[in-house]
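Heads up, the sequence shown is in my numbering, so the first residue is 17 and it goes up one at a time.
Here a beta-carbon is modelled for each residue, glycine too, at the ideal position from N, C-alpha and C.
For reference, the structure discussed in these notes is given below.
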Amino acid sequence: MTDLPRTRPTGVKAPHGAQDLEISWADGHRSKLSHEVLRGYCPCAGCQGHSGIIQFQEGGNTVLRNLEQVGNYALGLTWGDGHDSGIYSFRYLRALGDLLDAQGVEAVKALGTLPRI
Ligand SMILES: [Zn+2]
Numbered sequence: 017m018t019d020l021p022r023t024r025p026t027g028v029k030a031p032h033g034a035q036d037l038e039i040s041w042a043d044g045h046r047s048k049l050s051h052e053v054l055r056g057y058c059p060c061a062g063c064q065g066h067s068g069i070i071q072f073q074e075g076g077n078t079v080l081r082n083l084e085q086v087g088n089y090a091l092g093l094t095w096g097d098g099h100d101s102g103i104y105s106f107r108y109l110r111a112l113g114d115l116l117d118a119q120g121v122e123a124v125k126a127l128g129t130l131p132r133i
């Protein structure tokens with residue numbers, strides 16, 4: 017839970033058929049989050065167990081079927097194969113967005129692990 021502008025979304029766009037989720041933040045920044053990266057780094061216990069790091073999981077369905085806000089701190093994403101247990105905190109989404117801005121999709125996938133924040 018946070019009120020910091022950099023982790024407060026002001027808009028979320030997920031056009032049908034797009035490969036990226038776009039989030040506008042209260043500090044004016046906009047993040048483009050590749051579906052492939054979001055699915056691979058799904059933070060849920062089913063994908064990650066209970067370890068302290070998040071490991072990239074290849075091969076998941078990357079069609080974003082639905083998204084909904086969870087409380088006032090996160091988005092819940094539902095994928096084309098029905099996987100819907102990933103709760104992505106705004107802090108996590110902003111950190112992932114900043115990483116993608118700095119390194120690009122392929123490099124972020126190649127990292128293989130992310131800290132759990
Ligand atoms: Zn998952």
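Distance between beta carbons of residue j and residue i, contact taken as under 8 angstroms
i     : j      : result
Ala90 : Phe106 : 6 angstroms
Gly96 : Asn77  : 4 angstroms
Leu20 : Leu116 : With 8 angstroms as the limit, Leu20 and Leu116 do not qualify as a contact, their Cβ atoms being about 19 angstroms apart.
Straight-line gap, residue i to residue j (C-alpha atoms, nearest Å)
i      : j      : result
Trp41  : Cys60  : 24 angstroms
Asp114 : Val121 : 11 angstroms
Ala126 : Leu109 : 18 angstroms
Glu52  : Asp43  : 26 angstroms
Ile70  : Gly62  : 11 angstroms
Arg81  : Ala34  : 11 angstroms
Range of the contiguous beta strand (DSSP E) that encloses residue i
i     : result
Glu74 : Careful: Glu74 lies outside any beta strand (DSSP E) and carries neither H nor E.
Let me know the alpha helix (DSSP H) ranges lying completely inside the stretch 84-131, each 4 residues or longer, listed in chain order.
Listed in chain order, the alpha helix (DSSP H) elements of length 4 or more contained wholly in the stretch 84-131 are 106-119, 121-127.
Which parts of the stretch 23-63 are runs of the alpha helix (DSSP H), unbroken and 4 residues or longer, counting only runs that do not cross its ends?
Fully enclosed alpha helix (DSSP H) runs of 4 or longer: 51-56.
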